[in-house]
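Take a look at the structure set out below.
Residue numbers (this note's numbering): 672 to 823.
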């Protein structure tokens with residue numbers, strides 16, 4: 672298993688969509704505030720990524736990234752027919768120079784897609800187990816898309 676904590680470790684999967692297999696919060700949100708641990712990380716996520724052959728254990732150290740994951744997994748919940756995809760990036764800030772000072776900035780875009788999204792983007796001939804091939808629009812437009820306000 673590949674562990675990711677610091678930005679230089681996360682950069683291995685930069686711009687690469689990854690499926691979140693498990694979300695393990697070390698903190699929680701109550702009345703709009705993060706409670707629990709006084710130090711980072713706020714959570715860990717188990718990822719599957721086409722670029723890396725092993726599973727990835729990634730630690731969430733930014734408050735906004737944690738809040739977005741919490742909203743998806745704990746407030747909304749993910750349906751059986753859906754999957755959560757995260758994209759780690761420092762390239763999509765509205766002000767391009769922010770990437771040079773991104774240590775404390777959020778970097779995760781958290782999205783929900785129909786199940787099979789990763790397979791679909793890797794192989795356009797992918798066929799789901801159900802046999803009914805979804806449209807490109809269904810598979811490429813997120814059902815939920817949470818990104819930091821400083822990102823385009």
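Backbone N, C-alpha and C define an ideal beta-carbon position, used for all residues, glycine too.
For clarity, every value in this text was computed on a predicted model and none was experimentally measured.
Is the CB-CB distance between residue 803 and residue 752 below 7 Å?
no
Quick one: Cα of residue 813 to Cα of residue 783, how far?
6 Å
Backbone secondary structure at residue 742 - three-state DSSP
helix
Quick one: what does DSSP say residue 699 is sitting in, helix, strand or coil?
strand
Name the two residues that bound the continuous beta strand (DSSP E) containing residue 754.
753-759
Provide the residue(s) that pair with residue 726 in DSSP beta bridges, ordered along the chain.
DSSP lists no partner for residue 726.
Neighbourhood of residue 759 by C-beta, 7 Å cutoff - its chain only, sequence neighbours within 5 removed:
681, 684, 685, 778, 779
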